[in-house]
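Mapping to full-length UniProt numbering: the sequence shown position 344 is 344, numbers consecutive.
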Amino acid sequence: MAEIIEQPLAQERKRTLRIYVQPVDVELEDDDSLLITALQSALPGASGLYYGNECKTVVKFDGKKLLPPADGWKERQYFVTLGCRSFDYPFGSYASASKQFERSVNAVQRMLARTGIYTDIHPGESVFFKKKASVKEDSSLTTKEHMSQITSKSEGMKQLLTTLVQRQSSVEAGDTEQKQLTPVEQQFIELARISTAKDTIIERQRTELNSIQKKMDQLERSLDAARDDLRKSGRRIDTQEEELSILRKLSHDQTFICEKINELTRRNKETEDLVNRQREQINVLISNLNDSGIGREATAGKSSSEPSPNDISRYVTTYEEGDRSRGVSTECSESLEMLSLLKAKNAKLENDMIAMDEKYNQLIEGYNRLVAETSTREPRSPVELVDKSFDKSFTDTEHSVLLPSMESPYSVTGEKDWKKEAERLKVDLTESEKKVAELTQLVDKLSTEATASEKRAMDAVATQKEISRSLNMAETKIQIFHVTNFYFMLTRVNLIRVHAPAWNQLLTTVDMLLTCLSTLLIYFISYFNFYILIFCVFFLHSLV
């Protein structure tokens, strides 16, 4: 339907034509789908449908029919798409189309052969390689043979195309003796050109495929090498992780040890500071005592006949030390008694061990004699052999115990019985050796205990001597200190009686000298005798 619209303009007349396509109702299939053939029968050139206002939505097409949308065919406007879209019907696939094309080419070739245009091909002969019967044979050919067939087919098509083109050029040149090409021949020429172009494209694609295949092989080899490197890297990473974990443990242990060392160092420093402070305090106390000792002793000298509390405490300490020394002496005497008992017991055990050694040697000699006599196999009675072997080793009691067993009719009666007896003697010998070893161990143990007891006793004696010496030294110090203070007090009283001012400085100097001399006397106590010190004190008094 067409409508002519005239649009008059000022001094010009323009004509336009508006064309409409009439809407068509097309029947749907049982599954609500629309066949493309039904659509093209109503609208030739149709290749699809779409709907929508702002954005075009295309209906799904599977190659044969148009499928309904997800929400079904609704009351909406559907528009047809017009175009030259290619479809594979009536052939259905590329293989069927190729076969149809070959049949058409063969038909045209036979027709040309009848007319004498293509002289190399006889009527009924095909330029292509066989039909259905030859397809089964081609399946067993190798790749090279298949390639040679394709190459020969392409060469045949090129030869046919060359012949047709030459004939066409001769017709165009004015060769009136030849007939002009018919439309079928023209179509065949086009088809031959298309086939040749297709073969060229296939060859090029095959070459590209071969190059791609080679690249893929190279990439696979490189991929395998990369995987090997990755595995090696993974193993190396695992080893390094293990080493890292070990180093972390070592670092943790080192940190813990460093913390302990720092803590011990801090404690040691604190201890040293405390010791230094205590030493300073002791030095200060000693200096204070030295400064105030002379005054206290001078005051205490007035009542020298009466014992002071300090003297009483010193006497009590001396008495306690004497009790302690007496206790040590008691322990020392007890240790000496125990030592004497252990020595006696040790001597007894040594005597027992000597007796056991003698008995053991006698048993060995008897056993050796018994073995020597058994090896000679002399016809002697068992009683005589036993008497001869053990007459010196066994006592009368053991001899009386062995004789009845040896003289019984069920005792040793042959070489086998003698061997059994020898084995029994070996067992007895082994047991005796074990007992001797146990006794030896016991004697060694007792010897060790005796040595330790003796050492403890000697240490106790040394301790007792040291305590006695300390007590004597303390008594000497006390006596000298009292005598020295007494004479110092008398000297100071005599100097105080002089009221001259010039004597004050001399008094101070004398006090300092006396203090130094008293300190030296205290240090001389441990090296000189008490009487020598008394002499020195009287000498100093006479000098003063």
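From the three backbone atoms N, C-alpha and C, an ideal C-beta is built for every residue, glycine too.
Please read these numbers as outputs of a predicted model, since none were measured by experiment.
Item	Value
Residue range of the beta strand (DSSP E) that includes residue 47	46-51
Assigned secondary structure, residue 545 (DSSP; H/G/I helix, E/B strand, else coil)	What the structure shows of the chain is the stretch from 1 to 544, and residue 545 is not part of that stretch, so it cannot be assessed.
Beta-carbon contacts of residue 29 that lie in its chain and below 8 Å, excluding the five residues immediately before and after	35 and 65
Cβ-based neighbour list, residue 422, same chain, cut-off 6 Å, excluding 5 preceding and 5 following	none
Near the ligand HEM: residue 194 beta-carbon under 7 Å from a heavy atom	Annotation note on the ligand HEM: not contained in the displayed structure, which lists no ligands.
Which listed residue (76, 245 and 62) has its alpha carbon closest to that of residue 52	76
Local conformation of residue 81 per DSSP, three classes	strand
Straight-line gap, residue 209 to residue 42 (C-alpha atoms, nearest Å)	44 Å
Spatial neighbours of residue 78 in its chain, beta-carbon cut-off 7 Å, leaving aside the 5 residues before and after	49 and 51
Identified DSSP bridge partners for residue 34	66
DSSP state of residue 444 mapped onto helix, strand, coil	helix
Alpha-carbon spacing of residue 350 relative to residue 467, whole angstroms	38 Å
Through-space distance from residue 80 to residue 15, alpha-carbon basis	28 Å
Sub-8 Å separation of residue 26 and residue 39 beta-carbons	yes
Residue 545 to residue 363 span [Cα, whole Å]	In this structure the chain extends from 1 to 544, so residue 545 is not present and cannot be described.
Residue 550 classed as buried or exposed, judged by whether at least 16 other C-beta atoms fall within 10 angstroms	The displayed coordinates of the chain run from 1 to 544. Any statement about residue 550 would go beyond what the structure contains.
7 Å Cβ shell around residue 395 - same chain, five flanking residues per side excluded	Residue placement at residue 395 is flagged as unreliable, the pLDDT there being 47, under the threshold of 50; the coordinate-derived value follows with that caveat. So no residue of the chain qualifies.
Where residue 272 falls, given that 16 or more other Cβ within 10 Å makes a residue buried	exposed
Residues near residue 190 in its chain [Cβ-Cβ closer than 7 Å; skip 5 each side]	none
Own chain residues within Cβ distance below 6 Å of residue 229, not counting five before or after	none
For residue 58: DSSP bridge partner residues	50
Contacts around residue 454, its chain only, beta-carbon distance under 8 Å, and the 5 residues preceding and following it disregarded	339
Separation of residue 205 from residue 214, as counted between CA atoms	14 Å
Whole-angstrom distance between residue 449 and residue 418, CA atom to CA atom	46 Å
Distance between residue 275 and residue 256 (C-alpha atoms, nearest Å)	28 Å
Cα-Cα separation, residue 187 to residue 55	43 Å
Closest residue to residue 461 among 446, 473 and 330 (Cα-Cα distance)	330
Sub-8 Å separation of residue 446 and residue 353 beta-carbons	no
Where residue 352 sits in the DSSP three-state scheme	helix
Contact set for residue 58: own chain, Cβ-Cβ below 7 Å, skip 5 residues either direction	48 and 50
Residues near residue 67 by beta carbon distance below 6 Å, same chain, minus five either side	33 and 60
Among 184, 283, 70 and 82, nearest to residue 109 - alpha-carbon criterion	184
Cutoff 6 Å; reference residue 334; Cβ partners in own chain excluding five residues on either side	none
Residue 368 versus 356, 426, 342 and 336, residue with shortest Cα-Cα distance	426
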